[in-house]
Amino acid sequence: MKRRSFLGWMGVGAIASSLPVAIAACSNTSETGSTDNPPTANTAAPPAPETVAAAGEFVAVGAVADLDQNGFLLTKAADTEVIVVRNPQSTETLVALNALCTHKGCKVEWKGEASEFSCPCHGAKFALDGKATNAPATEALASYSAKIEGTQVLVSVG
Ligand code: FES
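Mind the numbering: the sequence shown is residues 1 to 158 in my numbering, read in order.
Written out as structure tokens, the structure is:
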């Protein structure tokens with residue numbers, strides 16, 4: 001192959017291989033179709049499902065199957081950390097409490113064998129109604145309405 005012919009083929013190859021990149025770089029639309037925000041690296045976790053609700057409105061926080069399999073649901077309802085369990089005294093009803101310990105804000109854990117919530121950080125314990133039963137926490141966990149509809153657990157934090 002002659003030198004001139006070779007350089008010609010190289011030029012065509014370079015243009016062909018960089019064309020898709022050049023077209024993408026010149027586009028002013030992102031994957032979402034927005035022209036206002038340039039695309040950014042996707043390093044963050046996917047956004048949580050939208051759980052914003054009006055005061056008193058019930059929002060779905062998880063599946064009944066997950067509640068029964070794990071013994072509890074630790075989730076969010078309208079930006080409030082919530083822990084939901086079946087009431088051991090009446091398993092058709094649910095108990096939903098704020099999951100953040102009133103001492104310093106660690107997430108409480110459900111201790112089914114003792115029917116109580118326990119804080120792993122400093123040992124506070126809470127009864128089913130949220131009342132603090134063991135120091136250092138002295139204030140109760142907020143209690144919320146919860147119910148089952150179909151296959152979903154719903155909580156109202158309003
Ligand atoms: Fe729960 Fe301290 S944060 S006992």
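For glycine and all other residues, C-beta sits at the position ideal for the given N, C-alpha and C.
- The beta-bridge partner set that DSSP reports for K147 consists of L154.
- Taking the C-beta atoms as reference points, L67 is found nearer than 7 Å to V153.
- In the three-state scheme derived from DSSP, where H, G and I count as helix and E and B as strand, V108 is classed as coil.
- The distance from the Cβ of V155 to that of V82 is about 6 Å, consistent with a contact at the 8 Å cut-off.
- Between E116 and A127, the beta carbon gap of about 6 Å places them in contact (Cβ cut-off 8 Å).
- Secondary structure of L67 (DSSP, three-state): helix.
- T75 sits buried, since 16 or more C-beta atoms from the chains shown fall within 10 Å of its C-beta.
- Out of G56, G62 and A77, the CA that lies nearest to the CA of G150 is found in G62.
- CA-CA distance, E139 to S118, rounds to 14 Å.
- As a beta-bridge residue in DSSP terms, A132 pairs with F126.
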